[in-house]
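Asks: First, the structure itself, so that you have it in front of you.
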């Protein structure tokens, strides 16, 4: 064999070895940039040894210590990687709020309590009851959720209701099951204000503020100071609602009407049509099983860009599905409504509490006891860190008089964005009834009539034949890309349409 032929064969052999390598690298690059962890990384924080850290509350002290209340009745402090038990002997505190350099207020089952380390030795020594007007029977569902504090110094919390009268289930796997009221319970006699949102003033006055919630495991104040409460699917809630709360607002669950100035001896005798007329519709209704199953705490991104391109938007955890969703609210005809988007899945356990760290990362306190979660771990603490890469996402979905405006985090490629067939829409609703949960009802495809793209190519307007109120509009986008070729990381959006802008019929 000549030297020339030998060299040629060697080159062919080397080329055969090398050619697949760039293609594998390219494929891996495409996969990695279309994964959530390329943009938002989840890190697991080591826990104190032999401690069951089922997180019920998270907050930061002014000196940077992270305070974590646990469902086992303790508060642990984390600073510079070191944990120290700060308080113990509490009754399942499901919320914590910092009020001073060495002081917190917690929402325990039987009371709301101010706790102080008066001598600065790193352990609490003063416990003061701020409110306990609701009494406590020991029933499983008698949680006291919270807490948030507004600019005037008021605390806000929620009191979960148990389910009176006996709840009957008629669907597998629970067919024939019944949940009775607490043993010996007489309506209104033992525990008060169940199903209410309460306000606790700086002067110590307990004010029942709004009613009709079920298992309201999350509270948050918007940047504008408006109060929102997340709730859980069940009787009277076909999916997971997020309520905008104002004084006197009623949100749909009649158990709360056992108490208050207009108390009713048997609220379940009120016709459903009357309850529906009285209730404020949820600002958001997150489709059950699709956008969570047991939603929890909400936080607004006010990190000044440290967490990526979603400043001013809401993030909300889910305990069962172990993920965080992203939401955008807007006011239409004086009431809030808006859209929800997938954001970050893959947490090790149910996301129960969220808090922003000083560095702009998002901490998630986790638990699965009582509710279960798909994550595999029983409890934990993780944080979400923005990597600095901007994903191609639907940034907002906003109602127009004739359809929806979509804004994107990057300019769109007009060739893939202008086709109406790229936008698959349907609308549906959930039953408002006493039965536990609801299927999606009246699923109706919606054809996009026309698509227009803004000059900066970051806004796409969808024209629809008509708009229907009291519906969830579910959007799936196919094939759309950014100008730089990147694909949509999450091509899905869910808009809760309660009210129209102007005339929604064309």
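In the numbering used here, the protein residues as written are 195 to 700.
Don't be surprised by glycine CBs; every beta carbon is placed ideally from N, CA and C.
None of the values given here were measured: they were computed from a predicted structure.
1. In whole angstroms, give me the CA-to-CA distance for residue 244 and residue 277.
2. What number of angstroms, rounded off, separates the C-alpha of residue 521 from the C-alpha of residue 690?
3. Given 8 Å as the limit, is there contact between the segment 314-325 and the segment 569-589, that is, 3 or more CB pairs closer than that?
4. Quick one: grab the DSSP three-state call for residue 476.
5. Taking C-beta to C-beta, are residue 477 and residue 440 nearer than 8 Å?
6. Which residue from 317, 343, 498 puts its Cα closest to that of residue 253?
7. Taking the alpha carbon of residue 597 as the reference point, which residue from 291, 694, 300, 421 has its own alpha carbon closest?
8. Between the segment 535-549 and the segment 509-521, are three or more C-beta pairs nearer than 8 Å?
9. Going by beta carbon distance, what residues of the same chain come within less than 6 Å of residue 501, once the five residues before and after it are set aside?
10. Just verifying my parser: in three-state terms, what is the DSSP assignment at residue 691?
11. For a minimum of 3 consecutive residues, which ranges assigned as the beta strand (DSSP E) are wholly contained in the segment 419-474?
12. Buried or exposed for residue 635, please, with buried defined as at least 16 other CB atoms from any protein chain shown within 10 angstroms of its CB.
13. Would you mind reading off the limits of the alpha helix (DSSP H) that contains residue 230?
14. Is there contact here, the segment 599-616 with the segment 647-656, by at least three beta-carbon pairs under 8 Å?
15. What's the gap between the Cα of residue 402 and the Cα of residue 450?
16. Residue 218 to residue 503, Cα distance in whole Å?
17. What ranges does the alpha helix (DSSP H) occupy inside the segment 589-645, keeping only unbroken runs of at least 4 residues that lie completely in it?
18. Taking only three categories from DSSP, how would you classify residue 227?
19. Grouping DSSP H, G and I as helix and E and B as strand, with all else coil, what is residue 199?
20. Grab me the residues of residue 199's own chain with a C-beta within less than 7 Å of its C-beta, minus the 5 sequence neighbours each way, in chain order.
21. Compare the beta carbon distance of residue 650 and residue 669 with 8 Å and say whether it is the shorter of the two.
22. DSSP on residue 266, reduced to helix/strand/coil?
23. Going by beta carbon distance, what residues of the same chain come within less than 6 Å of residue 610, once the five residues before and after it are set aside?
Replies: Let me lay it out:
1. 12 Å
2. 11 Å
3. no
4. coil
5. no
6. 343
7. Comparing Cα positions, the closest option is 694.
8. yes
9. In the same chain as residue 501, and ignoring 5 residues on each side of it, the C-beta atoms closer than 6 Å to its own belong to 495, 554, 580, in chain order.
10. strand
11. 421-424, 434-439
12. exposed
13. Its alpha helix (DSSP H) spans residues 230-233.
14. In the pairwise beta carbon analysis, the segment 599-616 is classified as touching the segment 647-656: at least three pairs are separated by under 8 Å.
15. 11 Å
16. Note that residue 218 scores 25 on pLDDT, short of 50, meaning its location in the model is unreliable; the coordinates nonetheless yield the value given after this. When rounded, the distance between both Cα atoms is 30 Å.
17. For the alpha helix (DSSP H) assignment, the uninterrupted runs of no fewer than 4 residues enclosed by the segment 589-645 are, from N- to C-terminal side, 608-611.
18. In the structure shown, the three-state DSSP call for residue 227 is helix.
19. For residue 199, the predicted model reports a pLDDT of 38, less than 50, meaning its position is unreliable and no value from the coordinates is stated.
20. Residue placement at residue 199 is poorly supported in this model, since its pLDDT is 38, which falls under 50; the coordinates still yield a value, given next. Residues of the same chain with a CB within less than 7 Å of the CB of residue 199, apart from the 5 flanking positions on each side, do not exist.
21. no
22. The answer is coil: DSSP assigns residue 266 none of H, G, I, E or B.
23. 673, 674, 675
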